[in-house]
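**Q** Note that numbering that gives the first Met the number 0 gives residue 53 to position 54 of the sequence shown, counting from 1, and the numbers run on in steps of one. Let me begin by handing over the structure; questions about it come next.
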Amino acid sequence: MSGAQGSDVQVLSTLNADGSRRWLKPRVSPGRFLNRRKIVGYGLILFFCGLPHLRINGKPPILLDLLHREFTFFGVTLYPTDTLLFALLMLIVFLSIFFLTALFGRVWCGWGCPQTVYLEFVYRPIERFFEGAPGRKRKTGAWRKSAKLVTYLLVSFLLANTFIAYFVGTDDLFRWMRGSPFTHPVPFLVMAITTFLMMFDFAFFREQVCIVACPYGRMQSVMLDRNSLIITYDENRGEPRGKKKRAVKSESDVSLRVLPEEPELGDCIDCKMCVTTCPTGIDIRDGLQMECVNCAQCIDACDDVMDKIGRPRGLIRYGSQASVLDGKKSKVLRPRTMIYPAIVAGLLMAFTFVLVTRAPAYISVLRQRGAPFAVLDDGSVVNAVTVKVQNRRPEDARYDFELVDVDGGKVEIAGEAFVVGPQETVGRPVLLKAPASSFPTGARNVIIRVRDEDGYKKDVKYRMMAPTYRSANPGGASDEEQSDG
């Protein structure tokens, strides 16, 4: 927990002692890590904004179509029936996060999380453009705040539409954007709500998402160990803190020489540059804290100060608690860094096997509403059902149906052949017809065999409903009938 020592305890870095909101406006500290984060951050923004416009097999690389319950990931479409694949995918994602956290700490939070990337590289630069950088003269003008909020709104609108494109696709999105909101009120309302949430998040809630709302920081205690890579302050080197003169660079430079009577101090001069540059407002010198997102801004700030006072860099650096605080060598190979990747590798193999061997189609037979059966003039029993076929192939497929265990039974499809497009789901009414003699005791189970032109075959069990015939001859049907419907 960040905060001052003694009785002046700060519960949250965004909370003042009187309970009011403490607005954070961190100072930008240029340096090697900031430059690298900019490359990663703006690269991720371009990737996020450009991905919906690409196509793989006619679909975006990622399309989470909730309406049709189809989830496409780089050419592979998963359906709600692929429960095992979804379960394996979720396990792979979570265990991969655990593994990366055990190795590199919260590197995702500071380098790849959309909350950090958009706040630090989009919204806060806009704020500094209109209001001025923290620590410098504030720009004046009543119009600046309004212009900043309008710019926030436009950026939020663009990001909201890009976000929605991952769920509806760019084709439908552009069609809605060109049309009147009254022709598609529900999509317009979703877009408006998403824009408002983006605006609320990045203009008001900001770093409190990381500090208050996000559960990842609270989970790090069970995902990290003393060998995990985190941002650490070298207390052995930095303490005790205090102001000091510049170190001697040459014997002739008497003006820069440290005087003998100067008390023995650590390298930390207590400039608090690491605090003023922290995007979550903590003091990294207080140790490992939940609010730290590993953005490395404190490292860039401290390295700059160390350069100015002639001290070596690394007072604040990436390291592990074992190496920085305990003086031991960090261990990369340890139980959790070996068990996690082994489990992930096994899950990846299982996921690949299930994906490659899954059926090229999924068939379901549903009973239609109304009477469960009908008896024709010739005595045949008919059941009206709806057959849904989900074609998982990348091309059209034609399907044929037959009743394989009923003598004289057949499947009748009205209209054209049962053809399903690539990665589409089609449901059509179908009649199951069988002689009355096939139902000596009323309802019975039948097998509907489904085939396609490429040799795929699937047997679907279905219970056909029929009247209960009373007859002395079990093999034949009498004129007396009784409906069980």
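Ideal placement from N, C-alpha and C gives every residue a C-beta, glycine not left out. Because the structure is a prediction, the values reported are computed rather than measured.
#1: Quick one: what does DSSP say ILE230 is sitting in, helix, strand or coil?
#2: Tell me which residue opens and which closes the beta strand (DSSP E) that GLN114 is part of.
#3: Touch check for the stretch 442-452 and the stretch 396-412: three-plus C-beta pairs under 8 Å?
#4: Determine whether the beta carbon atoms of GLU206 and THR279 lie at a separation below 9 Å.
#5: Just grab the DSSP bridge partners of ILE338 for me.
#6: Three-state secondary structure (DSSP) at VAL253?
#7: So the candidates are PRO439, ILE230 and THR351; which of them puts its Cα closest to the Cα of SER322?
#8: Could you work out which residue in LYS327, MET305, VAL331 and TYR339 is closest to SER227 when comparing CA atoms only?
#9: Taking contact to mean 3 or more Cβ pairs, one atom from each stretch, closer than 8 Å, check whether the stretch 78-88 and the stretch 184-198 are in contact.
#10: Using the Cα positions of PRO466 and PHE438, report the straight-line distance between them to the nearest angstrom.
#11: Please classify GLN219: is it buried, with 16 or more other beta-carbons within 10 angstroms of its beta-carbon, or exposed?
#12: Start and end of the alpha helix (DSSP H) containing VAL208?
#13: If GLY216 and PRO239 are in contact, beta carbons under 8 Å, what's the gap, nearest whole angstrom?
#14: Which of the three DSSP states is assigned to GLU290 in this structure?
#15: Can you name the start and end residues of the beta strand (DSSP E) that ASN160 belongs to?
#16: Using C-beta distances below 8 Å, list every residue in its chain close to ASP299, excluding the 5 sequence neighbours before and after it, in chain order.
#17: Just list the beta strand (DSSP E) runs in the stretch 291-319, keeping only unbroken ones of 3 residues or longer that don't cross its boundaries, in chain order.
#18: So, does the CB of ARG21 fall closer than 9 Å to a CB anywhere in chain D?
#19: So, GLY408 versus LEU431, is the Cβ gap smaller than 9 Å?
#20: For LYS37, which beta-bridge partners are listed by DSSP?
#21: Give the DSSP bridge partners of ASP64, in chain order.
#22: In the DSSP output, which residue or residues are listed as bridge partners for ALA373?
#23: Go to LEU241, then tell me how far its beta strand (DSSP E) extends in each direction, as first and last residue.
**A** According to the data block:
#1: As a working mapping, residue 230 is identified with position 231 in the sequence shown. Strand at ILE230.
#2: Here residue 114 refers to the residue found at position 115 of the sequence shown. Run containing GLN114: none in the beta strand (DSSP E); it sits in the alpha helix (DSSP H), 113-117.
#3: yes
#4: Along the sequence shown, one-based indexing puts residue 206 at 207. Along the sequence shown, one-based indexing puts residue 279 at 280. Result yes, Cβ atoms of GLU206 and THR279 sit closer than 9 Å.
#5: Translated into positions along the sequence shown, residue 338 becomes position 339. According to DSSP, ILE338 bridges with nothing at all.
#6: Walking along the sequence shown from the start, residue 253 turns up at place 254. Because VAL253 carries a pLDDT of 48, less than 50, the predicted location of this residue cannot be relied on, and no value is offered for it.
#7: Working through the sequence shown from its first residue, we reach residue 322 at position 323. Closest option to SER322, Cα to Cα, is ILE230.
#8: Translated into the one-based positions of the sequence shown, residue 227 becomes position 228. Comparing Cα-Cα distances from SER227 to each of LYS327, MET305, VAL331 and TYR339, the minimum goes to VAL331.
#9: no
#10: Numbered from its first residue, the sequence shown carries residue 466 at position 467. Numbered from its first residue, the sequence shown carries residue 438 at position 439. Roughly 8 Å separates the two Cα atoms.
#11: Counted from its first residue, the sequence shown places residue 219 at position 220. The residue in question, GLN219, is buried, as its Cβ has 16 or more Cβ neighbours within 10 Å.
#12: Counting from one through the sequence shown, the residue named residue 208 turns up at place 209. First-last for VAL208: undefined, no H or E at that position.
#13: Residue 216 sits at position 217 when you count from the first residue of the sequence shown. Residue 239 sits at position 240 when you count from the first residue of the sequence shown. Actually they do not touch by this definition, with Cβ atoms about 30 Å apart.
#14: Sequence index remark: in the sequence shown, residue 290 carries index 291 (1-based). It is coil, neither helix nor strand.
#15: Residue 160 sits at position 161 when you count from the first residue of the sequence shown. Taken as a continuous stretch (DSSP letters only), ASN160 belongs to no beta strand (DSSP E), being part of the alpha helix (DSSP H) at 142-167.
#16: What you label residue 299 is simply residue 300 of the sequence shown in a count that begins at 1. Once the five neighbours on either side are set aside, the close Cβ partners of ASP299 are SER28, PRO29, GLY30, ARG31, PHE32, LEU33 and THR276.
#17: 315-318
#18: Of the protein chains in the structure, only one exists, and it is not chain D.
#19: Looking up residue 408 in the sequence shown gives position 409. Looking up residue 431 in the sequence shown gives position 432. It is a contact, given that the beta carbons lie within the stated cut-off.
#20: Indexing the sequence shown from 1 puts residue 37 at position 38. None, per the DSSP bridge assignment.
#21: As a first step, residue 64 is located in the sequence shown; it is residue number 65 there, counting from the start. Answer is GLU69.
#22: Within the sequence shown, the letter at position 374 stands for residue 373. Looking at the DSSP assignment, ALA373 forms a beta bridge with VAL381.
#23: If you number the sequence shown from 1, residue 241 lands on position 242. According to the sequence shown, residue 241 is Gly rather than Leu. No beta strand (DSSP E) holds GLY241; DSSP gives it neither H nor E.
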